[in-house]
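Position one of the sequence shown corresponds to residue 42 (our numbering), numbered consecutively onward. Take a look at the structure set out below.
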Amino acid sequence: MTQDTSNNTILSFEHKAWGAASAILVLLIAVFAYVWTSRVAIVDVRFEKVETRFEKMDAKLDNIAISLATISAKMATKDDVIKLTDRIATNEKSIAMLNVKVEHLKKS
Numbered sequence: 042m043t044q045d046t047s048n049n050t051i052l053s054f055e056h057k058a059w060g061a062a063s064a065i066l067v068l069l070i071a072v073f074a075y076v077w078t079s080r081v082a083i084v085d086v087r088f089e090k091v092e093t094r095f096e097k098m099d100a101k102l103d104n105i106a107i108s109l110a111t112i113s114a115k116m117a118t119k120d121d122v123i124k125l126t127d128r129i130a131t132n133e134k135s136i137a138m139l140n141v142k143v144e145h146l147k148k149s
């Protein structure tokens, strides 16, 4: 009987040891899962901040592209500038001729 009792005590001790080891393992898995989830949440927040910054930059780039398109649409081309220069020169000649006629009329 003594041997059965000591065997039962040893088995009972081994059973308790395995139970404690299982509890510690479950506790470690729970802590690992909590830490992992916390880190994932932190990374998600950081990605959201980065995504918000990229959206703002994208909006600014869109505004710049629209502004450049507007400026280029309103800018005169080289041919337009040449035509305007020719018109100015022609008008200056006409004004000079009119001034000469006015001076001639004043003298008469």
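From the three backbone atoms N, C-alpha and C, an ideal C-beta is built for every residue, glycine too. Bear in mind the structure is a predicted one, so any value in this text is a computation, not a measurement.
Distance check for residue j and residue i, CA to CA, integer angstroms please.
i: residue 67; j: residue 97; result: 45 Å
i: residue 137; j: residue 110; result: 40 Å
i: residue 130; j: residue 124; result: 10 Å
i: residue 145; j: residue 107; result: 56 Å
i: residue 64; j: residue 103; result: 58 Å
i: residue 127; j: residue 116; result: 18 Å
i: residue 83; j: residue 121; result: 58 Å
i: residue 88; j: residue 101; result: 20 Å
i: residue 81; j: residue 112; result: 46 Å
i: residue 133; j: residue 141; result: 12 Å
i: residue 42; j: residue 70; result: With a pLDDT of 45 at residue 42, under the threshold of 50, the modelled position of that residue is not reliable, and no figure is offered here.
i: residue 75; j: residue 105; result: 45 Å
i: residue 162; j: residue 119; result: Outside the displayed range of the chain (42 to 149) lies residue 162, so it cannot be described from this structure.
i: residue 92; j: residue 73; result: 28 Å
* **Sequence ranges, alpha helix (DSSP H) only - wholly within the segment 93-148, length at least 4** => For the segment 93-148, the continuous alpha helix (DSSP H) assignments of 4+ residues that do not extend past its boundaries occur at 119-148, in sequence order.
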